[in-house]
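637 is the number that the working numbering gives to position 90 of the sequence shown; each next residue is one higher, with no gaps. Just so you know, even glycine gets a beta-carbon here, dropped at the ideal spot from N, CA and C. These numbers were taken from a predicted model, which means no experiment stands behind them. Taking it in order: structure first as structure tokens, then the write-up.
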Amino acid sequence: MDTTTQPPPPLPTTTTTTTTTTTTTATAPATTTTTQFDSLIPPPKTALSLLSRSIQTQQTKPRYPTGCAEFDQNVLLGGLDGGSVVGISSEDDDFSLALALQTIAVALTQAAHERTALIVTTLPVQSLLPKLRQVLAEQLSRTGGAVDLGSKVKERLSLVSISRIFDLHGLVEVLGELSLRQGGGGGTPDAVLVMGTAALISSLFTSKSTDKAAAHGFVANLAVQLGRVARGGPLVILLNSATALHNDGVPLPPAAETGGGERKLEVGGLTSIFWTGGAGQQHGRKSDSRPAWGQVFGRLVGLHLFCTRRDVGWVVEVLEDEVGVFEREADEKGEGEVWTRRNREQRWGVLEGADGGVVVDVVI
């Protein structure tokens, strides 16, 4: 739902002076009328000031187009948000990887200034390089032709770092290093891609050495780490898998009725508008699906995209949007402008994989 708010005033500057007075007598202990700890209590903030800060923060962060113009404009309302954590759950890991790599390639080849990226994966580095070279070559050929393409690809490839991990503890170490670099004023990547999140989460929760409470605590700490790194500026993308929900005799979760007789799939607070309600054969599908580790994964991301295969192509819908997009619009009286926060949940588009590892819009 879109919400409209009057333009917020600039944040006020407040100076607080704390005075500590101590009185001592021969018969009474020291008394402090105002303690030094009062200065540690932050002053209260109004909703308007918090909104103002959110708007200012979003306006200073870059947007990252996926390279699919229709999808970027109509679904994402300008692209993925820098300074946020984006999750992409997909029935096919290759498709979500292609979409994420293309987003990074567009950033590395079309940005006005040089950008860098970090890919965190459980796969051997050599298995990822061919796909990365291919998508970089495709984007460079679109923008600058084939002249000296090999050297251009090599130059852009040098802007990408790849870190191999084996579990979520390794991911936390990588995020910790990034946070230290941010705090020390060091350079950090503009985009961070984490592959295989579903397998990493599964390994954590199925480990005999970790109980459920400790696993959930670890995930909560991971969410804090991801948010801290994202607030430093980068776009953070987590790739997740999907779990099939079979319609042939296996009970499906309760559904909520929506307009037009359609039914929604509600699993872990994530709602898909394309659940067939057990009538998968009518839509060319034998089963529905949901994001793997839906509730757990949803705690890690601010924007969640879900990719399912349909007759028309890959349908990519926004399951959850805690980020939103602030836009200026004329007020109802036509006397000025107001800020409107647009939520992208339940927006969707159709994409398809093409030659060269490219992902393109499908017009239907």
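{"Check": "Could you tell me which residues DSSP puts in a beta bridge with Val682?", "Outcome": "According to DSSP, which records beta bridges pairwise, Val682 is partnered with nothing at all."}
{"Check": "Kindly list the residues whose CB is nearer than 6 Å to the CB of Leu683, restricted to its own chain and excluding five residues on each side of it in sequence; keep chain order.", "Outcome": "Ala652, Val700, Arg703"}
{"Check": "Evaluate contact between the stretch 660-667 and the stretch 725-745, counting only Cβ atoms and requiring at least three cross-stretch pairs below 8 Å.", "Outcome": "yes"}
{"Check": "Between which two residues does the beta strand (DSSP E) containing Ile784 stretch?", "Outcome": "782-787"}
{"Check": "Please report the straight-line C-alpha distance between Gly780 and Arg856, rounded to a whole angstrom.", "Outcome": "32 Å"}
{"Check": "Do Ile784 and Val633 count as a contact pair if the criterion is CB distance below 7 Å?", "Outcome": "yes"}
{"Check": "Nearest-angstrom Cα distance between Gly630 and Gly849?", "Outcome": "10 Å"}
{"Check": "With a Cβ-Cβ cutoff of 7 Å, do Glu864 and Trp840 count as a contact?", "Outcome": "no"}
{"Check": "Can you tell me the Cβ-Cβ gap for Phe765 and Leu751, rounded? I've got them flagged as a contact below 8 Å.", "Outcome": "6 Å"}
{"Check": "Is the stretch 634-654 in contact with the stretch 719-731, if contact means three or more CB pairs nearer than 8 Å?", "Outcome": "no"}
{"Check": "Assign Ala659 to one of three DSSP states: helix, strand, or coil.", "Outcome": "coil"}
{"Check": "Using CA coordinates, which residue listed in Ala770, Cys854, Thr669, Gly734 is at the minimum distance from Asp639?", "Outcome": "Cys854"}
{"Check": "Does DSSP put Leu718 in a helix, in a strand, or in coil?", "Outcome": "helix"}
{"Check": "Are the beta-carbon atoms belonging to Glu617 and Asp868 less than 7 Å from one another?", "Outcome": "no"}
{"Check": "Between which two residues does the alpha helix (DSSP H) containing Asp619 stretch?", "Outcome": "616-621"}
{"Check": "Quick one: using the 10 Å Cβ neighbour count with 16 as the cut-off for buried, is Arg875 buried or exposed?", "Outcome": "exposed"}
{"Check": "Hey, Ser749 and Ser636 are a contact pair by Cβ (cut 8 Å); roughly how many whole angstroms apart?", "Outcome": "Not really, about 14 Å apart at Cβ, beyond 8 Å."}
{"Check": "Hey, would you say the C-beta of Thr668 is under 6 Å away from at least one heavy atom of the ligand NAD?", "Outcome": "The ligand NAD is not part of the structure shown, which contains no ligands of any sort."}
{"Check": "Looking only at DSSP bridge pairs, what is Ile709 linked to?", "Outcome": "Ile666"}
{"Check": "Given Phe713, which residues of its chain have a CB within under 7 Å of its CB, disregarding the five upstream and five downstream residues?", "Outcome": "Thr669"}
{"Check": "Helix, strand or coil for Leu648 per DSSP?", "Outcome": "helix"}
{"Check": "In angstroms with no decimal places, state the Cα-to-Cα distance between Thr744 and Leu786.", "Outcome": "6 Å"}
{"Check": "Considering only residues of the same chain and omitting the five flanking positions on each side of Leu627, which have a CB-CB separation below 6 Å?", "Outcome": "Tyr611, Val633, Leu782"}
{"Check": "Might you give, ordered along the chain, the residues of its own chain that have their beta carbon closer than 6 Å to the beta carbon of Leu715, omitting 5 neighbours on each side?", "Outcome": "Leu747, Leu751"}
{"Check": "Of the residues Gly717, Leu676, Arg846, which one's Cα is nearest the Cα of Ser705?", "Outcome": "Leu676"}
{"Check": "Considering only residues of the same chain and omitting the five flanking positions on each side of Pro576, which have a CB-CB separation below 8 Å?", "Outcome": "With a pLDDT of 45 at Pro576, under the threshold of 50, the modelled position of that residue is not reliable, and the figure given next carries that caveat. Hits under 8 Å: none found."}
{"Check": "Who are Val633's beta bridge partners in DSSP?", "Outcome": "Ile784, Leu850"}
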